[in-house]
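With numbering that gives the first Met the number 0, the residue at position 230 of the sequence shown is 229, and numbering never jumps. Each residue gets a CB set at the ideal place from its N, CA and C atoms; glycine is no exception.
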Amino acid sequence: MRAKMNIDHKLIQIKKAYGQFKNPSAAVDENNIQWKTILEICQNLSKDASILDAGCGDGRYVKALNKIGFTSVIGVDLFDEIADNSINYQKADVSNLPFGHQKFDFIYSISVINYTDDFQSTLSKWMNLLKPEGFIFISGHNKYSIYSFIRVIKKEAFAQKFPHLKHINFYNPVKISNYLKTIGLKIYVKDGFFITWIDKILSNRVSSNFLNKYTPKYLKFNFGYHFIIVARKSKVE
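Structural data, given as structure tokens:
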């Protein structure tokens with residue numbers, strides 16, 4: 000019963016943060032750094048590679064991968080259904096995925112790790128779903144960004160006004176990266192983006208590529224709006 004209540008709270012949070020996902024034509028921004036990262040990883044995969052979008056939202060990334068020829072992409076989230084019924088979607092909690100012995104070549108998760116109560120348990124389960132040499136890509140709100148700092152203040156000081164923030168967790172990306180290494184994954188990318196509010200505003204009006212290009216990765220990873228981690232499982236389990 001308590002688990003069901005937690006899932007309901009998460010669903011409320013996601014709907015509050017990202018809308019109702021009623022737009023089946025929502026497209027991926029080609030300049031989106033997360034999308035570019037997905038494409039870079041996909042260069043190492045065949046078109047029939049098994050791919051999992053853990054927390055797919057409206058399914059835009061799944062649909063975008065389908066459009067460029069990837070045929071075995073599954074999206075999961077907490078919604079009973081999403082507007083775009085052209086993609087392979089399953090209702091599931093990313094912390095308790097229902098895939099049994101099914102394995103994936105690539106698992107990615109964008110803006111979802113913050114909705115998990117125990118990132119270590121969740122990442123261990125994802126790791127067990129990876130095939131040997133499989134990739135994992137995680138992007139989430141950085142614990143030490145200005146954006147997260149403001150949300151923590153809202154969460155702690157104005158809980159009644161912002162109830163949707165109650166179960167959101169802001170994690171240290173260094174701890175996530177280190178944990179991935181302890182469970183046998185090799186880290187290939189540690190990066191981030193949107194290091195300031197100015198950058199976040201500019202990204203929708205002028206190109207933020209200049210700021211992202213010349214800001215040191217160390218600063219973006221540790222203090223950026225979002226962190227980016229790409230890791231890979233070893234060849235032999």
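Check: Are the beta-carbon atoms of Ile237 and Leu51 separated by less than 7 Å?
Finding: As shown, the chain starts at 0 and ends at 236. That puts residue 237 outside it, with no answer to give.
Notebook entry, point to check: Which whole-angstrom value is the C-beta distance of Phe136 and Gly191, which I expect to be below 8 Å?
Noted result: Indexing the sequence shown from 1 puts residue 136 at position 137. Indexing the sequence shown from 1 puts residue 191 at position 192. Not really, about 13 Å apart at Cβ, beyond 8 Å.
Notebook entry, point to check: Is it buried or exposed for Ile218, if we count other Cβ within 10 angstroms and need 16 for buried?
Noted result: Taking the sequence shown and counting its residues from 1, the one referred to as residue 218 is at position 219. For the record, residue 218 in the displayed sequence is Leu; it is not Ile. With fewer than 16 other CB atoms across the displayed protein chains lying within 10 angstroms of its CB, Leu218 is exposed.
Note to self: Measuring straight from C-alpha to C-alpha, what distance separates Val188 and Phe209?
What the structure shows: As a working mapping, residue 188 is identified with position 189 in the sequence shown. As a working mapping, residue 209 is identified with position 210 in the sequence shown. Taking the straight line from one Cα to the other gives about 19 Å.
Item checked: Assumed close pair Lys160, Leu128 - CB separation to whole angstroms, cut-off 8 Å -> On the sequence shown, residue 160 is found 161 positions in, with the first residue counted as 1. On the sequence shown, residue 128 is found 129 positions in, with the first residue counted as 1. No, Lys160 and Leu128 are not in contact; Cβ-Cβ is about 38 Å, not under 8 Å.
Item checked: Three or more C-beta pairs below 8 Å linking the segment 111 to 124 and the segment 78 to 97 -> yes
Margin query: Starting from Leu218, trace the alpha helix (DSSP H) in both directions and tell me its first and last residue.
Written below: For the purposes of this step, residue 218 is identified with residue 219 of the sequence shown, where counting begins at 1. Lys216 to Phe222 is the extent of the alpha helix (DSSP H) around Leu218.
Notebook entry, point to check: In terms of residue numbering, what span does the alpha helix (DSSP H) encompassing Glu155 cover?
Noted result: The residue you call residue 155 lines up with position 156 of the sequence shown. From DSSP, the alpha helix (DSSP H) with Glu155 extends over Ile145 to Ala156.
Check: Alpha carbon to alpha carbon, how far is Lys90 from Phe134?
Finding: What you label residue 90 is simply residue 91 of the sequence shown in a count that begins at 1. What you label residue 134 is simply residue 135 of the sequence shown in a count that begins at 1. Straight-line Cα distance between these residues: approximately 23 Å.
Next item on the list: Just grab the DSSP bridge partners of Tyr170 for me.
Entry: Start at 1 with the first residue of the sequence shown, and residue 170 comes out as number 171. According to DSSP, Tyr170 bridges with Asn141.
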